[in-house]
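Q:
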Ligand code: LLP
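Residue numbers (my numbering): 939 to 1366.
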């Protein structure tokens, strides 16, 4: 389980005991492992080395500036989708040339901020946005680099809310329309339209879906080159899976084995935008058991984390492995729901939020527990804190980063004052 391991009957993050972190920083707590971030990043880079791609960490999955800094130190660029993410990337010391700015509805203010920052590439989502950018760049007297996001109409067979490569979604420009967009706008002086961008969804656990979308993308690129457009960039997006359960997703090398051969010798600068693959298993949530109760024929474990710390189960029905920190004899054999022990009981792990959709795990066989016990919710490095909210006026949880034997807070726990800070406005 990456650098979250059970030793001596208890959970460790690298060389720090999880229970120690909970005691020091409180719960609920996001805990990240530096080595795991670095390991996943290195494996991805190695798998795609032949293409020498620009890897742009997708900030949206785990945006803490300390994590961004870590990725920057590893050599990563950044995929940003808002002015706020651009702010974070710059704060983390990103090289602006290694920033790609995507997003289906960039505002004029965000575009101007990105011009000021000199970002390397804009991924354009519509003809209307391209026209706006051409005008703004001309007005600002700059030349912006851009790629056109195209929608390859490929089904990535993932959750419908995170499917982006099918025609009926709001993302990109239809493939058939793309040539026309280049014909109309690629000769503008203020925006250099120099490539295309494709991102079909997240997570995409079927390598064949990449093969299909790349084939369509390359077909378009060749057509564009045939018409004389100077194309040198292909941003192939992110969406690479992470193991939530049991080896359910391809490894970096398996993605690469399909992607690399189709892109080699094309004379293209390749950009990757991974998020989940790097971050998901680099983080967990530590949560404490508040109460146990049986009602309606169900056994509930009520914990201090909730849908406000991890929305994925409520929003996508996502599976996250949950297990006690102190296991005794019940050392988990994998992250599967099925564990080979007698003496487990079937539970729903739920939070304190006033919604029945507030659950972290349902109908899971778990070891005996009591009030005050600690549980770990695994694979919570990506799209967990990133999607956290203050719903029910719950201050957002703290984040800690572990490196070897050292652990430090990288975001303090919010306070009640934080809940109302932005409401301290003079009434008009
Ligand atoms: N590039 C673009 C254009 C994207 O829209 C995304 C994710 C990525 C890259 C990074 O995808 P990744 O490598 O992390 O799969 N909240 C959902 C995931 C939403 C993904 C949105 N876009 C979840 O919790 O599963």
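Backbone N, C-alpha and C fix where the C-beta goes; we use that ideal spot for every residue, glycine too.
1) Rounded to whole angstroms, what is the Cα-Cα separation between residue 952 and residue 1339?
2) Which residues in the same chain have their Cβ closer than 6 Å to the Cβ of residue 1295, if we skip the five residues on either side of it in sequence?
3) Run the proximity test for residue 1250: is its beta-carbon closer than 8 Å to any non-hydrogen atom belonging to ligand 1?
4) So, is residue 1192 buried or exposed, given that buried needs 16 or more other C-beta atoms within 10 angstroms?
5) Is residue 1354 helix, strand or coil by DSSP?
6) Check whether the region 1004–1018 and the region 1241–1261 touch, using three or more Cβ-Cβ pairs below 8 Å as the test.
7) Could you tell me which residues DSSP pairs with residue 895 in its beta bridges?
8) So is the beta-carbon of residue 982 under 8 Å away from any non-hydrogen atom of ligand 1?
9) Throw me the rounded Cβ distance for the residue 1205 and residue 1172 pair, which I believe falls under 8 Å.
10) Whole angstroms is fine: what's the gap from residue 1299's alpha carbon to residue 1328's?
11) Taking 8 Å as the threshold, find out whether the region 1056–1072 comes into contact with the region 1097–1107 through three or more Cβ pairs.
12) Counting only runs that start and end within the region 1211–1267, where is the alpha helix (DSSP H) found for 4 or more residues in a row?
13) Can you tell me whether residue 1135 is helix, strand or coil according to DSSP?
14) Along the alpha helix (DSSP H) that carries residue 1052, what are the first and last residues, could you check?
15) Measuring only from the beta carbon, is residue 1245 closer than 8 Å to any heavy atom that is part of ligand 1?
16) Per DSSP, what are the beta-bridge partners of residue 1317 in this structure?
17) Note down the Cα distance separating residue 1119 from residue 1163, rounded to an integer number of angstroms.
18) Among all the DSSP beta bridges, which residues are the ones paired with residue 1114?
19) Which of the three DSSP states, helix, strand or coil, is assigned to residue 1187?
20) Residues in the same chain with beta-carbon distance under 7 Å from residue 1247, minus the five sequence neighbours each way, listed in chain order, please.
21) Kindly indicate which three-state DSSP category residue 1300 falls into: helix, strand or coil?
22) Of all the options 1130, 1023 and 1055, which has the alpha carbon lying nearest to the alpha carbon of residue 1068?
23) Helix or strand or just coil, what does DSSP make of residue 1091?
24) If you reduce the DSSP assignment to three classes, tell me which class residue 1330 lands in.
25) For the region 954–969 against the region 1303–1313, are there 3 or more C-beta pairs whose distance is under 8 Å?
26) Got a sec, what are the start and stop residues for the alpha helix (DSSP H) residue 1145 sits in?
27) Leaving out five residues on either side along the sequence, give the residues of the same chain with a beta carbon under 6 Å from the beta carbon of residue 1065.
28) DSSP puts residue 951 in a beta bridge; with which residues?
29) Would you say the beta carbon of residue 1292 is closer than 8 Å to some non-hydrogen atom of ligand 1?
30) So, under 8 Å CB-CB, residue 1138 and residue 1092 are touching, yes? Tell me the CB distance rounded to an integer number of Å.
31) Distance check for residue 1079 and residue 1055, CA to CA, integer angstroms please.
32) Is any heavy atom in ligand 1 found nearer than 8 Å to the beta carbon of residue 1040?
33) Using only the alpha-carbon positions, how far apart do residue 1186 and residue 1014 sit?
34) Can you grab the Cα-Cα spacing for the pair residue 984 / residue 1045, in whole Å?
A: Quick answer:
1) 10 Å
2) 1252
3) yes
4) exposed
5) helix
6) no
7) With the chain running from 939 to 1366 in the structure shown, residue 895 is simply not present.
8) No.
9) The pair is not a contact, with the Cβ atoms about 10 Å apart (cut-off 8 Å).
10) Spanning the two alpha carbons is a distance of roughly 21 Å.
11) no
12) 1214–1217 and 1250–1254
13) If DSSP states are grouped into helix, strand and coil, residue 1135 belongs with the strands.
14) 1046–1055
15) no
16) Its beta-bridge partners do not exist; DSSP assigns none.
17) Each residue's alpha carbon lies about 14 Å from the other.
18) Per DSSP, none; premise fails for residue 1114.
19) coil
20) For residue 1247, the CB contacts under 7 Å within the same chain, skipping 5 residues up- and downstream, are 966, 1223, 1322, 1326 and 1335 in chain order.
21) strand
22) 1130
23) coil
24) In the structure shown, residue 1330 sits in a helix (DSSP, three-state: H, G or I).
25) yes
26) 1145–1164
27) 1119
28) Bridge partners of residue 951: 942 and 954.
29) no
30) 5 Å
31) Looking at the two C-alpha atoms, the distance is approximately 14 Å.
32) At least one heavy atom of ligand 1 is found less than 8 Å from the C-beta of residue 1040.
33) Those two C-alpha atoms are separated by around 26 Å.
34) 36 Å
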